[in-house]
């Protein structure tokens with residue numbers, strides 16, 4: 006713990022001393038370029054301050070860091086060149102070209118700094134939305150029944166439809182022959198029809214429910230693939246929540262290669278079609 010604190014303190018001390026020395030050289034150069042006493046001390050804050058902000062942006066941004074890296078490199082180069090020019094150029098006021106170079110730095114910083122601020126704001130909003138979505142997904146998964154790996158309903162065992170249907174028919178007493186059916190025959194026929202209808206309905210119901218559940222996941226899968234390939238900023242859990250599938254079901258459908266393999270396969274297919 007003591008060593009860790011010493012390393013941290015030493016790092017901050019070195020950074021502060023380096024900033025102070027660079028600040029002195031750049032302030033002297035700005036004064037020789039024609040800035041007043043106050044503005045000459047503000048000029049180094051623009052150059053080295055942009056380098057500090059760009060460094061922070063490189064560490065904070067989760068994606069799209071190229072612009073921050075460009076600003077960090079450019080501000081560092083300007084600081085190094087200006088510090089060297091303060092000692093290489095003759096004493097006294099700077100030549101016209103050197104004074105012009107010093108004068109164009111603040112407008113350029115005014116042009117590039119707001120865009121970096123917009124990137125930092127958008128990244129912070131996206132991170133907040135992603136955290137909220139992950140929290141909502143975790144809460145939804147916590148309320149699910151434990152041990153259910155998929156969102157498909159448990160299929161009830163299908164009845165044995167091959168078993169013969171036994172119908173008890175009461176044999177009426179002998180009666181005079183008549184073309185019209187008796188009341189007993191009509192009741193027996195109605196009971197047999199009702200029993201056959203109920204048996205057929207029970208046999209078909211579970212299969213229909215299972216097919217509908219499978220069709221539901223099959224319908225959600227193309228949208229899930231589209232989000233996984235085109236939205237790298239969305240986590241896999243966020244994609245599952247967006248299309249209405251469970252995280253476990255989505256992982257099984259992606260396969261052993263994971264999301265990277267799925268994205269590579271779809272991009273390869275798109276390149277082949279474009280070629």
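Numbering (the working numbering), first residue to last: 6 to 280. Glycine is no exception: its CB is placed at the ideal position from the N, C-alpha and C atoms. Since the structure is predicted, the reported quantities are computational estimates derived from the model, not experimental observations.
Measuring straight from C-alpha to C-alpha, what distance separates residue 70 and residue 266? Each residue's alpha carbon lies about 24 Å from the other.
In whole angstroms, what is the alpha-carbon distance linking residue 127 and residue 114? Each residue's Cα considered, the two are about 20 Å apart.
From residue 132 to residue 34, what distance separates their C-alpha atoms? Inter-residue distance for residue 132 and residue 34 is about 41 Å (C-alpha atoms, whole angstroms).
What does the Cβ neighbour count give for residue 144, buried or exposed, with the cut at 16 atoms within 10 Å? Of the other Cβ atoms in all chains shown, fewer than 16 fall within 10 Å of the Cβ of residue 144; this residue is therefore exposed.
Can you list, in chain order, the residues of its chain with a C-beta nearer than 6 Å to that of residue 111? Leave out the 5 residues immediately preceding and following it. Taken in chain order, the residues that qualify are 51.
Assuming residue 32 contacts residue 46 under a Cβ cut-off of 8 Å, what Cβ separation, rounded to an integer in Å, is found between them? That pair is a contact at about 5 Å.
According to the neighbour-count rule (16 or more other Cβ atoms, all chains shown, within 10 Å of its Cβ), is residue 207 buried or exposed? Confidence is the limiting factor: at residue 207 the pLDDT is only 44, short of 50, which leaves the residue's position unreliable, though a coordinate-based value still follows. Within a 10 Å sphere around the beta-carbon of residue 207 sit fewer than 16 other beta-carbons, which makes this residue exposed.
Helix or strand or just coil, what does DSSP make of residue 262? Coil at residue 262, not helix or strand.
Less than 7 Å between C-beta atoms, sequence neighbours within five positions excluded: which residues of the same chain meet that for residue 77? Contacts found: 56, 59, 60, 63.
Are there 16 or more other CB atoms within 10 angstroms of the CB of residue 244, so buried, or fewer, so exposed? So residue 244 counts as buried.
Boundaries (first-last residue) of the alpha helix (DSSP H) holding residue 72: Start and end: 71 to 93.
Tell me whether residue 54 sits in a helix, a strand or coil according to DSSP, three-state version. Correct three-state label for residue 54: helix.
By Cβ distance below 7 Å, which residues in the same chain neighbour residue 299 in space, the five residues on each side in sequence not counted? The question about residue 299 has no answer, for the chain in this structure spans 6 to 280.
Unbroken alpha helix (DSSP H) run spanning residue 245, endpoints: Run containing residue 245: 241 to 248, per the alpha helix (DSSP H) assignment.
Spatial neighbours of residue 36 in its chain, beta-carbon cut-off 8 Å, leaving aside the 5 residues before and after: The beta carbon of residue 36 sits closer than 8 Å to the beta carbons of 42, 45 from its chain, once the five residues preceding and following it are set aside; these are given in chain order.
Output needed for residue 125: all residues of its chain with C-beta closer than 8 Å, excluding positions within five of it in sequence on either side, in chain order. Here the set comprises 62, 65, 66.
What does a CB cutoff of less than 6 Å around residue 228 pick up in its chain, not counting 5 residues either side in sequence? Same-chain partners within the cutoff: 248.
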